[in-house]
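In our numbering, the protein residues as written are 814 to 1644.
Each residue gets a CB set at the ideal place from its N, CA and C atoms; glycine is no exception.
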Ligand code: CGF
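Spelled out as structure tokens, the structure:
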């Protein structure tokens, strides 16, 4: 199958090595004006990607055409974050062209791995929320759903983290410095996004009171499209990322010198909207630029959706039949008033009709119960920036409060809790409340989390609208998180049970039978060892550290946050150090503890944790008594690409959040799939992982959600725990007294104060004794390799539920009303 797509470039979209080579050479010459003799690696990488794009374009266009012709219901996933990482491997895996491209690179004198490593991660996200969105795009395409991502093309993604003298330093992530060959700019798809102005009442021809949003300022949103191929099914969906551009280009003749400079500066200001991703995870900061970004995303996306809709359908009242819009967290929840505004002010519908369409079309995902993460925009800011929207929000609230009265009677406190507008000194719009009232489905991201939101933060709403609440346990794409990142394991599995698991992850259950197959188990454990060695080589090359590959690789990678309790693992590392020092001849199971993760730049405590981990690491790694027994490292600049190296090499997965605080987690799923044993609390999706793998195959410790509540209620005193556990007390004293930082003995007082005088809100001390016991269980199990690898294999075999294909099928069925699109024969069935 080789068709000529562009005569000028003489590019052929053949699937064989020879035509791929021809295309790479052709792109070097005709797209990049260089040649194989003079090109550098970056240019070679670019022409490789352009050659991949050639092979995607036909399917990309055909997929869209098919959706149009069949009037397929479209799913729009709106998210401020898409943490897509690198795309080359993923595209080649999904196109089934890995070998051909490898061979082509080799024949042209390049090593594929080296070329792949040229690609900057598209790090347009903070963590779980953005990575989830990326996994969902992969699954929607793989399941053949007409699913489109909508986000922002930030010039700067999540900051680059450097460690200097043990401290986190942030550097801009200039990922677009040399452009990205994956994105196609579409000058024909550009929309004005309006801000400021005022809402002006008028009476229409039928005598109805209506409103116009006037005197606005605007910027343009310009579409940049990135193809999202499904796994070997010919489907290519689209991720549309908006870039802010100025309303008009400069007319040089009309400016004198001063005006010219000001005008250029204005362009800068407009374009600032898509300049940088906010690096805050789970903390609401409330800056106007962020609000602008959110509306910029919502407004451009809704304009795009409705323009497309109108090209295919006549009646906007059918919108919910053909369109489902999922808001990823509250960030896109301005879609509620914006869709209302468009339907009423621009399309002339009355309130009731507009409301009916809006609620039925939209749905919203909640990702956290942490109150500090919930968005509350000051009314004053909205009044200035989006006056018409604020007016609509007030009207929504008025009508809603009437309903609350009808439903619950005159319960003033309840009304206050449920109101979309909070009262107080600075009244604000509670975006979660707006999302619940203005959409037809609200979902949590793990069973426990969904139960919690029903019982706690959204309890009143659940009592009023029980049918709106639903659980959709998160998932991960098996393509990236097994097939791609752990090729040796993927190949072994395929050789044993075939490759249907790639799209039907539950088929991995067939591996259950292999636990008694010695030959297989040998191969399985060898692969873990190989992966550890691969990681060691990577860490040596990139960080200069020497990992002990005979040790347990014990890994905690995630954002640095007090509730995730990196501190607990750091205390454990220090306690092990003390133990080895005090018992130099005692046998120990060697451990290599690895941390990675970024702290929000303004989160002082999290940044102090990083420094502490580095100080403890220095102490351990520089002490000859620890050799062969204990190591501890903090790897800087955690990214999707680094995760792809770390996860396949992990023996132990640290999932140790305070129960009730981690909504789901998705790293926990990736580790388990790759055969790491979880040490964790009964929090988030750990609960469901335990159900799937079996109690014997996961190491659970510590307080449950109820235990946490009970302990807090009955009067927790961290001092008691401190005094009761000698090893724990010793470490806390050392941290407090400067043992790990002799030149600045009081450096870590903020940490020890929060643990003791601050009464340890995250219950590190309360859980520590159980954690230390659980770590002993890890040691004991690891000392019996046969047992260990059985447990590991049960993890690989039994976590099929956590495929994002399952998650997306659940959304399609229960929220988006497009289950008919599933299993349309487009999906890959395995060879
Ligand atoms: O979303 C998170 C993640 N850290 O971004 N929250 N947010 N926002 C949760 O904390 C995780 O538990 C969850 O897995 C993830 C995706 O739903």
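{"Check": "So what does DSSP say about residue 1401, is it helix, strand or coil?", "Outcome": "coil"}
{"Check": "Whose C-beta lies closer than 6 Å to the C-beta of residue 1004 among residues of the same chain, with five residues either side of it excluded?", "Outcome": "1034, 1113 and 1116"}
{"Check": "Using DSSP bridges, identify the partner residues of residue 1100.", "Outcome": "Paired residues: none, contrary to the question."}
{"Check": "For residue 822, which residues of its own chain have a beta-carbon under 6 Å away from its beta-carbon, when the five flanking residues on both sides are left out?", "Outcome": "With a pLDDT of 41 at residue 822, under the threshold of 50, the predicted position of this residue should be treated as unreliable, though the coordinate-derived value follows. Answer for residue 822: 839 and 843, listed in chain order."}
{"Check": "Between which residues of its own chain and residue 1318 is the CB-CB distance below 6 Å, once the five residues before and five after are set aside?", "Outcome": "1291, 1613 and 1616"}
{"Check": "Three or more beta-carbon pairs under 8 Å between the stretch 1615-1629 and the stretch 932-940, yes or no?", "Outcome": "no"}
{"Check": "With a threshold of 8 Å on Cβ separation, who are the neighbours of residue 1574 within its own chain once the five nearest residues in sequence on each side are excluded?", "Outcome": "1375 and 1567"}
{"Check": "If I follow the unbroken beta strand (DSSP E) through residue 1184, where does it start and stop?", "Outcome": "Premise fails: residue 1184 is in no beta strand (DSSP E) and is neither H nor E."}
{"Check": "Nearest to residue 1237 by CA position, among 953, 1201, 1191 and 1105, is which residue?", "Outcome": "1191"}
{"Check": "Could you name each continuous beta strand (DSSP E) segment of 3 residues or more that falls completely within the stretch 1283-1315, going from the start of the chain to the end?", "Outcome": "none"}
{"Check": "Is residue 1475 near the ligand CGF, judged by its Cβ being under 7 Å from some heavy atom?", "Outcome": "yes"}
{"Check": "Go ahead and label residue 1217 buried or exposed: buried means 16 or more other beta carbons lie within 10 angstroms of its beta carbon, across all protein chains shown.", "Outcome": "buried"}
{"Check": "Near residue 1626, which residues of its chain fall below 7 Å by C-beta distance, leaving aside the five closest residues on each side in sequence?", "Outcome": "1632"}
{"Check": "Report yes if the C-beta of residue 1181 is less than 7 Å from at least one heavy atom of the ligand CGF; otherwise report no.", "Outcome": "yes"}
{"Check": "Taking C-beta to C-beta, are residue 943 and residue 901 nearer than 8 Å?", "Outcome": "no"}
{"Check": "Thinking residue 1368 and residue 1463 are a contact (beta carbons under 8 Å), I'd like their distance in whole angstroms, please.", "Outcome": "4 Å"}
{"Check": "CB of residue 799 to nearest heavy atom of the ligand CGF: below 7 Å?", "Outcome": "The structure shown does not extend to residue 799, since the chain spans only 814 to 1644, so no value can be given for it."}
{"Check": "Suppose the cutoff is 8 Å on Cβ atoms and the five residues either side in sequence are ignored; what does the same chain contact list for residue 967 look like?", "Outcome": "937, 1087, 1088, 1089 and 1090"}
{"Check": "If you draw a straight line from the C-alpha of residue 1440 to the C-alpha of residue 1434, how long is it?", "Outcome": "8 Å"}
{"Check": "Beta-carbon within less than 7 Å of residue 778's beta-carbon, same chain only, minus the 5 sequence neighbours each way: which residues are those?", "Outcome": "With the chain represented from 814 up to 1644, any question about residue 778 goes unanswered, as that position is not in the structure."}
{"Check": "Taking three-plus beta-carbon pairs below 8 Å as touching, is the stretch 1534-1544 in contact with the stretch 1578-1588?", "Outcome": "yes"}
{"Check": "With hydrogens ignored, establish whether the beta-carbon of residue 964 is closer than 7 Å to any heavy atom of the ligand CGF.", "Outcome": "no"}
{"Check": "When you measure from the CB of residue 1103 to every non-hydrogen atom of the ligand CGF, does any distance come out below 7 Å?", "Outcome": "no"}
{"Check": "Using only the alpha-carbon positions, how far apart do residue 835 and residue 1092 sit?", "Outcome": "42 Å"}
{"Check": "Smallest Cα separation from residue 1415: which of 913, 983 and 912?", "Outcome": "983"}
{"Check": "Return the residue from the list 1136, 1204 and 1526 that minimises the CA-CA distance to residue 1151.", "Outcome": "1204"}
{"Check": "With a 10 Å radius around its C-beta and 16 neighbouring C-beta atoms as the bar for buried, classify residue 1526 as buried or exposed.", "Outcome": "exposed"}
{"Check": "Report, in whole angstroms, the separation of the C-beta atoms of residue 1609 and residue 1488, which I expect to be a contact under 8 Å.", "Outcome": "5 Å"}
{"Check": "Going by DSSP in three states, residue 822 sits in which element: helix, strand or coil?", "Outcome": "Since pLDDT at residue 822 reaches only 41, below the 50 mark, its modelled position is unreliable, and no value is offered."}
{"Check": "Look up residue 1027 in the DSSP assignment and give the residues it is bridged to.", "Outcome": "1011"}
{"Check": "Between the alpha carbons of residue 1105 and residue 992, how many angstroms are there, rounded?", "Outcome": "25 Å"}
{"Check": "Output the residue ranges of the beta strand (DSSP E) runs that lie fully inside the stretch 1154-1178 and measure 3 residues or longer, sorted by chain position.", "Outcome": "1175-1178"}
{"Check": "Whole angstroms are fine: how far does the CA of residue 1281 sit from the CA of residue 1630?", "Outcome": "14 Å"}
{"Check": "For the 8 Å Cβ check, are there 3 or more pairs between the stretch 845-865 and the stretch 1050-1058?", "Outcome": "no"}
{"Check": "Just to check, is the beta-carbon of residue 861 closer than 7 Å to a non-hydrogen atom of the ligand CGF?", "Outcome": "no"}
{"Check": "Just to check, is the beta-carbon of residue 1002 closer than 7 Å to a non-hydrogen atom of the ligand ZN?", "Outcome": "Here the bound small molecules are the ligand CGF; the ligand ZN is not part of this structure."}
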